[in-house]
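Shown next, in structure tokens, is the structure this report addresses.
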Amino acid sequence: MAIVQSNAPTNCVLLNNMFDPALVDLRKDPAFYLDIKEQVEDVCRSQNARVEKVWVEQNSAGNVWVRFARGDIEGASKTVMLLNQRYFDSRLITANYVPEGVFNSKVKER
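Written out as structure tokens, the structure is:
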């Protein structure tokens, strides 16, 4: 199912292709998903962004969902500008805005 993205900046961002779930071995690296989450939080905060939630979608094409504080469009924008079309662990990632309703329906309170 295609995810609805937003052309206009929002306080929610979807990072794609952050990891390949087929290569994740939790026996060797049980903290893999937590490490991804923390790395994304660190990058966002390095842009002085106010991060509310980061969720790593484990059974996906490497999706990481980020919600910034309401009104922190600037932090979300800086993060998108920094990460879109950049490499992470030799993988070209994309960063796109998503409507908050899409974020909420996908992430819920996981």
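Residue 7 is where the sequence shown starts when you use our numbering, and the numbers rise one by one after that.
Yeah, the Cβ is synthetic: ideal placement off N, Cα and C, and Gly gets one too.
By DSSP's criteria, residue i is part of a beta bridge. Which residues make up the other side?
i, result
"leucine 88", "The partner list for leucine 88 (beta bridge, DSSP) is empty, contrary to what the question assumes."
"valine 70", "Leu21, Val62"
"valine 102", "Going by the sequence as given, residue 102 is asparagine instead of valine. Answer by DSSP bridge pairing, in chain order: Leu20."
Give the straight-line distance between the Cα atoms of residue i and residue j, rounded to the nearest whole angstrom.
i, j, result
"leucine 29", "glutamate 47", "22 Å"
"asparagine 54", "glycine 81", "6 Å"
"proline 15", "aspartate 35", "35 Å"
"asparagine 13", "tyrosine 103", "7 Å"
"valine 113", "isoleucine 79", "19 Å"
"asparagine 40", "glutamate 106", "Checking the sequence shown, residue 40 turns out to be leucine, not asparagine. So the two alpha carbons sit approximately 23 Å from each other."
"alanine 89", "glutamate 58", "Sequence check: residue 89 is leucine here, not alanine. C-alpha separation (whole angstroms): 18 Å."
"leucine 21", "leucine 98", "10 Å"
"asparagine 23", "glycine 68", "4 Å"
"cysteine 18", "aspartate 26", "22 Å"
Check residue i in the structure and name its three-state DSSP category.
i, result
"glutamate 58", "strand"
"asparagine 110", "helix"
"arginine 97", "strand"
"glycine 81", "helix"
"glutamine 53", "coil"
Cα-Cα, which of the options is closest to residue i?
i, options, result
"arginine 3", "Arg33, Ala75, Asn69", "No statement about residue 3 is possible, as the shown extent of the chain runs from 7 to 116 and does not include it."
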